[in-house]
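Reading through the structure tokens given below for one structure.
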Amino acid sequence: MSNNVSLGTLFKNGVFGENPVFRLALSLCPAVAVTSGVYNGFLMGIAVLFVMTMTNVTVSLLRNFINPKVRIPSYVFITATWVTVIDLVMSAYQRGMYKQMGLYIQLIVAFAIILSRAEMFASKNKLLPSFVDGVGMGAGFTLSLMLLGFFREILGKGSIWGIDILHAKPLLIAIMPTGGFFAMGLVMGGLNFLDRRFFGGTGASSGGH
Amino acid sequence: MLQHFLTIFIASALINNFVFTRYLGLCIFFGVTKRMETAIGMSFTFTAVMLVEAVLNWAIYNYVLIPYSLEFLKIVIFIGTVAAFVQAADTIMKKVAPALYYKLGIYLALIVTNCIILAVPLVMSDEKYNFFESVSMAIGSGLGFSMALIIMASIREKLDLADVPKSFQGLPISFVLTGLIALAFLGFSGMITL
Amino acid sequence: MKDMFKITMPLVAIFVVAGVIMVLTYQQTYPVRFQAEKTEKEEALKEMAPDATDPIKPAGTWAVNNKPYEYYQATASGKPVASIAETAGKGYSSYIKMLVSLGSDMKIKDVKVLDMNETPGLGDQVLEKGFLDQFKGKALSQIVLIKGETKENIQAVSGATYSSRGVTNGVKDAVQMLVEKYGAGVTAAAQEVTK
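Chains as they are written, first to last, in my numbering: chain W, 1 to 209; chain B, 210 to 403; chain A, 404 to 598.
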């Protein structure tokens, strides 16, 4: 990626062009696991946004300092540090939600998306672009989770952000554990369809990890 | 006593199956199930690494982290042992068993980014399992994951022949399929009350 | 050798700095978490007996499924207003842990679910207000699960029969225990009824 890309473009790229969940198909586990509501998705997204931004910033700051031979262990260690920080903070201030999501917060450390951004972007770019890239990718991730949470919550519980709106439960299965898989598949397919129909994209998110 | 371990074993293989009820390891799950052969290779490597990791991390957690009340460092320590072990296994296998390395080596590299490998010690430390409980859980989860991979691979081989709408080809239809299997696995949840 | 040093030094430096960051965060958050855990329990108990003015005191332990649970006495200016028991009932896929409070008239004041792991979307429907509110004001003899319309007893949530049964049994056991301790002469009712 060249250096003269504007920061706005960089941010947009994270949210739409290379949306981590729907386009890159990375970090799918939390997208299925914690999206039973908009709020859960939001919290998880914020945690990822924090870890991502901080890891990007740290890696970018230290990019001339870390020997390429030991870069992967260093990146993993940096990520693990920030995950520990957000884990400790969330378990203290968001206790109710942490009970449900604790395991997934801790597992942010194994997210391919974070390591791949550190390796592919932050290690080659200056502080500001790396920061914006982290925020953009994190925001893209948060929005994807909230979108999934929105569909699942409105269909399964008839509410949004915990506020009852429909006073009915149109499709109970959406909120059930398996609903995450269906929601993910349908939303992903739907976005592919829109992309093909209106933007002429190939819409191919054929796999990856 | 034996029954207790069997309960944990079955619970982690079927009821709390990592893929279908805890939604972990999805990246690998969708990545390696395109062909049966890779799915089986992954199953073997994975179960073995999982077992070693569980034992290793159990010992570190109980004999180092708890005595010095450093539990909050567990994320860093667990990911560290996973990375170190995979690196070591990679080097040793290349030297000692090149034939095996040629077959399973690529899966070894994939394992580092698999969240299940990390989730087993994390769950283990949350539930305060003792040594044998941890081992039964590791084997149960490993076999549960293998089963998930093999089920999915055999379905996806058939899926190639099906006429799927263009937008849904690849990942989207696989997600819907996994949802259907998960729905079936939901039936196991009433079998044992933990 | 010098090369080796050049590679490892930054790595060690990173480890040290990261360690310091983690320890600092731990020190900052530990008291908050500790306090939150404590007040959480106190607040849950307080909600169960809002008319208690004195601190709610533990009165003893009892066993459900071979696990110890506590019960408490709530008093207002020295006079007992309610007794509260922790309890658990076997649901579909988990033990449902609850708090039950019983007024001095031996009628249920409130039921609150503390922790459970029932199927989201099905079993967790018992958490919705309607089901738990049915218990309010009921006496021991009325705690019978009915699969069908009822005002007198407890109506099971359709789609969550096992979980409803878990809650009802847990509450019944707790009330039975509290009644035996604090109000003699009342016995439990019949088994569950399908109408």
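All C-beta atoms in this analysis are idealised placements derived from N, C-alpha and C, irrespective of residue type, glycine included.
Between B:T216 and B:E262, the CB-CB gap reaches or exceeds 8 Å. For W:N67, at least one C-beta of chain A is nearer than 8 Å to its own C-beta. Nearest in C-alpha terms to B:L352, of all of B:M333, B:F214, B:S221, is B:S221.
By the C-beta density criterion, A:V423 is exposed, having fewer than 16 other C-beta atoms within 10 angstroms. Proximity to W:G156 across W:V21, W:K124, W:F11, W:A174 peaks at W:A174, based on C-alpha coordinates. The Cβ-Cβ distance between W:L88 and A:T464 does not fall below 8 Å. Inter-residue distance for W:Q106 and A:I549 is about 43 Å (C-alpha atoms, whole angstroms).
The beta carbon of B:G399 sits closer than 8 Å to some beta carbon of chain A.
The beta carbon of A:G569 sits closer than 7 Å to those of G492, K493, G494, I499, all from its chain and outside the five residues before and after it, given in chain order.
The Cβ atoms of B:Y311 and B:T254 lie no closer than 8 Å to each other. Among the residues facing chain W, A:G524 is included, as its CB has a counterpart in that chain under 8 Å away. Within the same chain, and ignoring the five residues on either side of A:I546 in sequence, the residues whose Cβ sits closer than 7 Å to its Cβ are I557, T571, V574, K575, V578, A592. Bridge pairing for A:P483: A:T478 [DSSP]. In the structure shown, A:K554 falls within a coil segment according to DSSP collapsed to helix, strand and coil. The DSSP assignment places 532-536 as complete runs of the alpha helix (DSSP H) inside the segment 484-538 of chain A, in order along the chain (cut-off: 4 residues).
For B:A318, same chain residues with a beta-carbon under 8 Å away, outside a window of 5 residues either side, are V295, D299 in chain order.
For B:G353, the uninterrupted alpha helix (DSSP H) segment begins and ends at 340-368.
A Cβ-Cβ contact shorter than 8 Å links A:A477 with A:I487. The Cβ-Cβ distance between B:F227 and B:A328 falls below 8 Å.
Annotation: the continuous alpha helix (DSSP H) that includes W:P129 extends over 127-156. According to the DSSP secondary-structure assignment, W:D164 is paired through a beta bridge with W:S159. At least 8 Å separates the beta-carbon of W:V34 from that of W:T79. A:P413 reaches chain W at F65, I66, N67, counting residues in chain order whose Cβ is nearer than 7 Å. Around W:R152, the same chain offers T35, S36, G37, A174, I175, G179, G180, A183 as residues with beta carbons nearer than 8 Å, after the five sequence neighbours per side are excluded. Its chain contains Q476 as the residues whose beta carbon lies nearer than 6 Å to that of A:K460, once the 5 sequence neighbours on both sides are disregarded; these appear in chain order. For A:Q430, the closest alpha carbon among the candidates W:G96, W:D133, W:A92 is that of W:A92.
For A:T464, there is no enclosing alpha helix (DSSP H); the enclosing beta strand (DSSP E) has its first and last residue at 460-467.
Using beta-carbon distances, B:I382 counts as an interface residue toward chain W, with a partner under 8 Å. Taking a 10 Å sphere around the C-beta of W:P170, we find fewer than 16 other C-beta atoms and assign the residue as exposed. Nearest to A:K510 by C-alpha distance, out of A:E443, A:M519, A:Q537, is A:Q537. Neighbours of A:M425 in chain B, taken as residues at a C-beta separation under 9 Å, are given in chain order as F281, L282, V285. Proximity of A:Y565 to chain B, defined by a Cβ-Cβ separation below 8 Å, is satisfied.
Between the C-alpha atoms of A:V484 and A:K584 there is a straight-line separation of about 15 Å. In the displayed model, A:Y472 falls within a strand according to three-state DSSP. Look at the segment 259-340 of chain B and you find these whole runs of alpha helix (DSSP H), each 4 residues long or longer: 283-305, 307-320, 324-336. The beta carbon of A:A455 sits closer than 7 Å to those of A477, T478, A479, V484, A485, all from its chain and outside the five residues before and after it, given in chain order.
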